[in-house]
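Using the numbering used here, read the sequence shown as starting at -7 and increasing by one per residue. These notes concern the structure reproduced below.
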Amino acid sequence: MRIATERLTLSPLSEKDAAFVAELLNTDGWIKNIGDRNIRSEKDAREYIKKVTDNPHITYWTVKLKLERVAIGLVTLIKRDYLQFNDVGFALLPQFFNKGYAFEATKAVLLYLINNNLLEDILAISLKENAPSINMIEKLGLTFEKTIDYDNNILGVYRASKGELLSRLLEQEHKIV
-7 MRIATERLTL SPLSEKDAAF VAELLNTDGW IKNIGDRNIR SEKDAREYIK
43 KVTDNPHITY WTVKLKLERV AIGLVTLIKR DYLQFNDVGF ALLPQFFNKG
93 YAFEATKAVL LYLINNNLLE DILAISLKEN APSINMIEKL GLTFEKTIDY
143 DNNILGVYRA SKGELLSRLL EQEHKIV
């Protein structure tokens, strides 16, 4: 399934995204805030993509600029063993920060999930020192619920119900394709 916004297209992650994934997963922000996945080559990236796409509890969308058709980021939906509900995540290449792309893409995914009855409650997690991520999570309409210690990391857990999200996300229109 593809999702389109005014400036972006989102499509399921595929092996053709390997070069982009290798680049993104080696950015300082990914390594610092998400973790080093030891992806050092396109071959490693293809194996990582296969692992992700073969897991029924994980969905990644590749975010591309609509006109240029250039991959700029990922939006993720993951059902983690240690969380009650799916969590939504996002990551962009640094040169695309502070342009509203992460918000636009994540909002479009959340609206798609709501409109297709694939979501009741949603979570997001972030390291407590990752202020830009926390700001985005809160802008999307999720509120702080609790702190957890997972894998020697202190994570803030944010949550919103379907209704809470709708009241926040429907303020702007997005074209769902």
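Virtual Cβ for every residue (Gly too), placed ideally from N, Cα, C. It should be emphasised that the depicted structure is a prediction, and the values quoted were computed from it without experimental measurement.
query	result
Going by C-alpha to C-alpha distance, which of F95, E60, D36 sits closest to I126?	F95
How far does the beta strand (DSSP E) with L147 in it extend, from its first residue to its last?	145 to 153
Taking all protein chains shown into account, decide if Y150 is buried (16 or more other Cβ within 10 angstroms of its Cβ) or exposed.	buried
Excluding the five sequence neighbours on either side, which residues of its own chain have a C-beta within less than 7 Å of the C-beta of D172, listed in chain order?	Because the chain spans -7 through 169 in this model, residue 172 falls outside it and cannot be assessed.
Could you name the residues that DSSP lists as bridge partners for L115?	D79, R151
List, from N- to C-terminal side, the beta strand (DSSP E) runs of 3 residues or more that fit wholly inside the stretch 17 to 98.	50 to 57, 63 to 70, 79 to 84
Measuring only the C-alpha atoms, how far is N112 from K154?	It should be pointed out that residue 112 corresponds to Glu in this sequence rather than to Asn. Their Cα atoms are separated by approximately 5 Å.
Whole angstroms are fine: how far does the CA of W22 sit from the CA of M128?	16 Å
With DSSP as the reference, please indicate the residues paired to I140 in a beta bridge.	L147
Distance, Cα to Cα, L132 vs E39?	32 Å
For L0, list the residues DSSP reports as bridge partners.	L57
Have a look at F136 and I146 and give me their C-alpha separation to the nearest angstrom.	14 Å
Per DSSP, I(-5) forms a beta bridge with which residues?	L2
Taking 7 Å as the limit between beta carbons, can you name the residues of its chain near S3, skipping five residues before and five after?	R(-6), W53, T54
I need the boundaries of the alpha helix (DSSP H) containing K120, first residue and last residue.	Note, K120: premise wrong, no alpha helix (DSSP H); not H, not E.
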